[in-house]
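S.K.:
Residue numbers (the working numbering): 17 to 283.
1. Just list the residues that DSSP pairs residue 278 with in beta bridges.
2. Whose C-beta lies closer than 8 Å to the C-beta of residue 66 among residues of the same chain, with five residues either side of it excluded?
3. Just reading off the beta strand (DSSP E) that residue 99 is part of, what are its end residues?
4. Rounded to whole angstroms, what is the Cα-Cα separation between residue 262 and residue 230?
5. Which one of 76, 62, 82, 219 has the shortest CA to CA distance from residue 70?
6. Is it true that the CB of residue 282 sits closer than 7 Å to the CB of residue 211?
7. Between the C-alpha atoms of residue 84 and residue 144, what's the straight-line distance to the nearest angstrom?
8. Which residue wins for smallest C-alpha separation from residue 252, given the options 275, 280, 228?
9. Residue ranges of each beta strand (DSSP E) run of no fewer than 3 residues wholly in the stretch 121-154, ordered along the chain?
10. Out of 208, 240, 63, state which residue places its alpha-carbon closest to the alpha-carbon of residue 264.
11. Roughly how many angstroms lie between the CA atoms of residue 180 and residue 87, to the nearest whole one?
12. Just the C-alpha distance for residue 200 and residue 123, rounded to the nearest angstrom, thanks.
13. Tell me, to the nearest whole angstrom, how far the beta carbon of residue 107 is from that of residue 154; I am working on the premise that it is less than 8 Å.
14. Provide the residue span of the beta strand (DSSP E) that contains residue 50, from first to last.
15. So, under 8 Å CB-CB, residue 129 and residue 183 are touching, yes? Tell me the CB distance rounded to an integer number of Å.
16. DSSP three-state call for residue 20: helix, strand or coil?
17. If the criterion is Cβ atoms closer than 7 Å, does the pair residue 97 and residue 191 meet it?
18. If you measure between the beta carbons of residue 117 and residue 160, is that distance less than 7 Å?
19. For the alpha helix (DSSP H) containing residue 269, list its first residue and its last residue.
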């Protein structure tokens, strides 16, 4: 049987890496890549079967870059996986009192802002492209630390000076499994993206379709269309009906009211 090829937002030993292995297991060929758009490009070019990209954090909110790429490409959401995020303060130092600088990805700084303010009010906080790069900086810079998962501390033999330092202890991140195809079995939720003609009540008419069919929306947000100033696309997540005909009817009715529509997938 052919081994599946999976590309994920790297580097190695980050939460995206952890999510990829948790979903696909060990029997895959994994490749870390530096940017989210490169994950999408590699799948579009058939270099990889699946991609893993962060979708939303329970503290920091949606990852806009990932959503924008679904608009730009024809790729779909094959599935979704949720990962419990436990941030740690890691360093070569053995005492927190020695720390003068902290390196981290901006999302991790945001998730641990209260902890840093309380314990390191005078430390210089330096943003990096990933937590893996932050760990390397912590290795190279005297009296420094980084924020990241346990895997990074283990890989680079760094001390954990603070464990589970998230301000919100049930911190979670959702990751999309990206592919050219849909999963065979329908999931509990679906995600659609659409834009509307500039008419009064256009969005209300979409919401009314959900209300009339008694289908619950679990999320709605807007993103700049990136094509014209002050024009937006809407992203809606909703609970699937056990009745597949009802789901098809919902999509059909919404499509009629949209200027642009794309069904991204079920998970």
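Positions of the beta carbon are idealized from the N, C-alpha and C atoms, including for glycine.
M.R.: Checking against the coordinates, here is how it stands:
1. 209
2. 20, 21, 22, 23, 40, 59, 94, 193, 194, 195
3. 92-100
4. 10 Å
5. 82
6. Judged by their CB atoms, residue 211 and residue 282 are not nearer to each other than the 7 Å cut-off.
7. Cα to Cα, residue 84 sits roughly 22 Å from residue 144.
8. 280
9. Listed in chain order, the complete beta strand (DSSP E) runs (minimum 3 residues) inside the stretch 121-154 are 140-143.
10. 208
11. Counting only the Cα atoms, residue 87 lies some 35 Å from residue 180.
12. Taking the CA atoms as reference points, residue 200 sits about 33 Å from residue 123.
13. 6 Å
14. It is not in any beta strand (DSSP E) - residue 50 carries neither H nor E in the DSSP assignment.
15. Rounded, the Cβ-Cβ distance is 6 Å, consistent with contact.
16. strand
17. In this structure, the beta-carbon distance from residue 97 to residue 191 falls below 7 Å.
18. Yes; because the gap between Cβ atoms is below 7 Å, this pair is in contact.
19. 260-272
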